[in-house]
Amino acid sequence: MNKFLYIIFSLVILSGCSEYQKVLKADGEDAVAKKFKMGEELYNQGKFEKANRLFAQIVPNYRGKPQAEKLMYLYSNTFYKMKDFYVAGYQFERFASSYPKSEKLEETSFFGARSYYQLSPIFSKDQTETKEAIEKLQEFINLFPDSEYVSDANTLIQELDFKLEKKAYEIAKQFNHISDYPASVRSFDNFIFEFPGSRLREDALFYRLDSAYKLAINSVEVKNTIQKGIIYLKKQRLETAKEYSQAFIEAYAESKYIEDVKEMASEISKELNNYSTKS
12 MNKFLYIIFS
22 LVILSGCSEY
32 QKVLKADGED
42 AVAKKFKMGE
52 ELYNQGKFEK
62 ANRLFAQIVP
72 NYRGKPQAEK
82 LMYLYSNTFY
92 KMKDFYVAGY
102 QFERFASSYP
112 KSEKLEETSF
122 FGARSYYQLS
132 PIFSKDQTET
142 KEAIEKLQEF
152 INLFPDSEYV
162 SDANTLIQEL
172 DFKLEKKAYE
182 IAKQFNHISD
192 YPASVRSFDN
202 FIFEFPGSRL
212 REDALFYRLD
222 SAYKLAINSV
232 EVKNTIQKGI
242 IYLKKQRLET
252 AKEYSQAFIE
262 AYAESKYIED
272 VKEMASEISK
282 ELNNYSTKS
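Per our numbering, the sequence shown runs over residues 12 to 290.
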């Protein structure tokens with residue numbers, strides 16, 4: 012009995028495949044309508060690759076016709092469902108441009124922007140596509156501020172923003188890791204200015220202090236003569252590190268880094284006291 016059912020099932024599958032191939036290869040006006048009908052059926056069944064192949068053949072035949080809007084909507088969606096996000100983004104934008112009054116405009120505009128989001132790489136890679144995705148999602152929010160998709164769009168923007176934060180943070184931290192402390196301090200200063208509300212702010216403030224502290228402590232004394240007298244470069248760096256330590260303690264008194272920060276602050280004070288003794 013099981014063998015019999017298997018044979019029947021196989022015949023049904025082969026029959027379906029045979030019918031698909033027959034329609035796919037057909038020509039003529041009747042074939043165009045059949046391809047649309049079968050393509051829509053396959054789309055509804057979740058067979059997006061097969062539907063896409065049929066739609067691709069008939070898109071030129073429906074230009075300027077009433078059915079073209081529906082066809083292009085389904086066609087664009089097949090690319091998204093197939094995870095071909097480059098083409099999906101292009102096709103959704105093309106749909107929005109061609110049918111600005113469509114009832115599907117809001118939906119296709121969102122998924123067009125979401126296609127760009129899908130193309131955003133991991134934070135360690137170039138973030139050009141991430142920035143483009145943020146722009147596309149923000150454009151959607153500006154065009155459809157009351158859309159049901161706005162909440163999702165804002166969530167995606169936050170995720171992409173954090174990717175940019177993570178990229179900038181890791182670059183600054185890498186400078187600290189390789190002992191390029193001037194570059195690390197500059198990079199963390201830029202990070203703190205550009206991302207004032209970042210969840211990485213505490214870590215950034217700590218590693219900025221760590222870089223400034225190591226830069227100051229390891230400095231060889233150099234005297235810079237100016238019109239008003241003598242400026243000690245090491246002293247300047249120690250004073251900068253002191254400011255950073257105070258800023259950190261004020262902002263994060265209960266931080267996991269607090270003991271390290273206090274230890275650095277103590278050492279900075281001792282070094283600065285040497286200058287008071289010299290005076």
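In this text, a Cβ means the ideal position worked out from N, Cα and C, and glycines have one as well.
Could you compute how far the alpha carbon of phenylalanine 122 sits from the alpha carbon of asparagine 63? On the sequence shown, residue 122 is found 111 positions in, with the first residue counted as 1. On the sequence shown, residue 63 is found 52 positions in, with the first residue counted as 1. In a straight line, the C-alpha of phenylalanine 122 is about 17 Å away from that of asparagine 63.
For the 8 Å Cβ check, are there 3 or more pairs between the region 202 to 210 and the region 187 to 194? no
Is it true that the CB of serine 158 sits closer than 8 Å to the CB of glutamate 114? As a position in the sequence shown, residue 114 is number 103, starting the count at 1. As a position in the sequence shown, residue 158 is number 147, starting the count at 1. No, these two residues do not count as a Cβ contact at 8 Å.
For lysine 184, collect the residues of the same chain with a Cβ closer than 7 Å to its Cβ; drop the 5 residues on either side in sequence, then sort them by chain order. Here the question's residue 184 lines up with position 173 in the sequence shown. Cβ neighbours of lysine 184 beyond the five flanking positions: Tyr218.
Spatial neighbours of alanine 223 within its chain, please: CB distance less than 6 Å, with the 5 preceding and 5 following residues excluded, ordered by chain position. Mapped onto the sequence shown, residue 223 falls at position 212. For alanine 223, where only same-chain residues beyond five positions count, the Cβ hits under 6 Å are Val196, Thr251, Ala252 and Tyr255.
With distances taken between CB atoms, is the gap from leucine 85 to phenylalanine 66 smaller than 8 Å? The residue given as residue 85 occupies position 74 in the sequence shown. The residue given as residue 66 occupies position 55 in the sequence shown. Taking 8 Å as the Cβ cut-off, leucine 85 and phenylalanine 66 qualify as a contacting pair.
Give the range of the alpha helix (DSSP H) segment to which glycine 39 is assigned. What you label residue 39 is simply residue 28 of the sequence shown in a count that begins at 1. Neither: glycine 39 is in no alpha helix (DSSP H) and is coded neither H nor E.
Determine the direct distance from the alpha carbon of tyrosine 101 to that of alanine 37, and round the result to whole angstroms. As a working note, residue 37 is residue 26 in the sequence shown. As a working note, residue 101 is residue 90 in the sequence shown. The alpha-carbon atoms of alanine 37 and tyrosine 101 are separated by roughly 28 Å.
Between the alpha carbons of phenylalanine 134 and phenylalanine 151, how many angstroms are there, rounded? Counting from one through the sequence shown, the residue named residue 134 turns up at place 123. Counting from one through the sequence shown, the residue named residue 151 turns up at place 140. Whole-angstrom Cα-Cα distance: 23 Å.
Please classify lysine 210 as buried or exposed, where buried requires at least 16 neighbouring CB atoms within 10 angstroms. Taking the sequence shown and counting its residues from 1, one reaches residue 210 at position 199. Per the sequence presented here, residue 210 reads as arginine, with lysine not at that position. Answer is exposed; the Cβ neighbour count stays below 16.
Same chain only: Cβ atoms within 6 Å of serine 87, ignoring 5 sequence neighbours per side: By 1-based counting over the sequence shown, the position of residue 87 is 76. Only Gln102, Phe103 and Phe106 meet the Cβ criterion.
DSSP-derived helix/strand/coil call for tyrosine 160: Sequence index remark: in the sequence shown, residue 160 carries index 149 (1-based). Coil.
Which whole-angstrom value describes the C-beta separation of leucine 244 and isoleucine 279, a residue pair presumed to lie in contact below a C-beta threshold of 8 Å? One-based indexing of the sequence shown puts residue 244 at position 233. One-based indexing of the sequence shown puts residue 279 at position 268. So it is not a contact: roughly 15 Å between Cβ atoms.
DSSP state of tyrosine 263, grouped into three classes? In the sequence shown, residue 263 corresponds to position 252, counting from 1. In the structure shown, tyrosine 263 sits in coil (DSSP, three-state: anything other than H, G, I, E or B).
Mapping the DSSP letters down to three states, classify tyrosine 268 as helix, strand or coil. Looking up residue 268 in the sequence shown gives position 257. In the structure shown, tyrosine 268 sits in coil (DSSP, three-state: anything other than H, G, I, E or B).
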